[in-house]
Structures are given as structure tokens and as C-alpha cells.
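Step one of this worksheet: look at the structure below.
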Amino acid sequence: MRHLAILECPVIFSGENDFGMTSMDMCPSVAIARGLISRHVKVVESRLIVVCIWENEACARLFFDAAWTEKAQVLWDDRYQLRLEAIEEARVA
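Number 20 in the working numbering belongs to position 14 of the sequence shown; there are no gaps in the numbering.
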């Protein structure tokens with residue numbers, strides 16, 4: 007079953023943290039992140055909104071693992087939200 011991941015976080019630039027990472031560096035990329043089907047990015051009032059569709063829950067959780075969560079805490083503290091949920095797909099008879 008396909009999975010949806012929605013990440014909302016502040017826009018952070020590489021010079022603003024010890025990792026030298028930007029907010030976009032924390033986002034999955036098609037053809038690089040295993041199982042990522044599509045990614046849509048929007049910036050609204052200095053906040054990044056990333057909507058990703060994954061082949062399955064395992065692929066989504068593989069990307070958004072404990073190491074990712076640890077970096078997210080350092081970069082954004084409690085100013086980010088990540089939602090993972092199943093996509094209900096209509097069956098064609």
C-alpha cells in the first residue's frame with residue numbers, strides 16, 4: 007500500500023547549523039531515495055512543505071529513520087512536523 011509523507015519545517019540554510027545542511031538536504035529525492043514515487047515542494051512564509059508519495063510504509067520509514075529524526079531535532083528543534091499515513095487506493099473491479 008502506498009504511503010504519504012508530509013513534512014513541514016522552517017527554511018534553514020547551510021550556514022545556520024553545524025551539519026552545514028539546508029532544509030532541502032533533509033528531503034528525499036526521486037531516483038535517490040528507495041521507493042520514492044513523487045515529491046512536491048512548496049515554500050510558504052519561510053516554511054517548507056514537502057509532500058512525498060512512497061511505494062510502501064517500509065520505504066518511507068527507511069528514509070525517515072532515527073538518524074533523520076536526530077538531525078531534524080538539531081536543525082529545527084520542535085518547529086517541524088512529519089506525518090506518515092497510508093493512501094487508500096480505490097480498487098478497480
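All C-beta atoms, glycine included, are put in the ideal place defined by N, C-alpha and C. Since the model is a prediction, treat every value here as computed from it, not as a measurement.
Checklist entry - Between Asp84, Asp24 and Cys15, which lies nearest to isoleucine 55 when the distance is taken from Cα to Cα? => result Minimum Cα distance to isoleucine 55 is reached at Cys15.
**Asked** What number of angstroms, rounded off, separates the C-alpha of glycine 26 from the C-alpha of isoleucine 93?
**Response** Roughly 34 Å between the two C-alpha positions.
Quick test of the definition: if touching needs 3 or more C-beta pairs under 8 Å, does the region 28-44 touch the region 65-80? Yes, the region 28-44 touches the region 65-80.
Practice problem: Give me the Cα-Cα distance between tyrosine 86 and alanine 78, rounded to the nearest whole angstrom. | Solution: Taking the straight line from one Cα to the other gives about 8 Å.
Review point. Hey, out of Ala72, Ser52, Trp82 and Thr75, whose CA is closest to asparagine 23's CA?
Key: Check the Cα spacing between asparagine 23 and each of Ala72, Ser52, Trp82 and Thr75: the tightest is with Trp82.
Where phenylalanine 70 falls, given that 16 or more other Cβ within 10 Å makes a residue buried: Buried is the call here.
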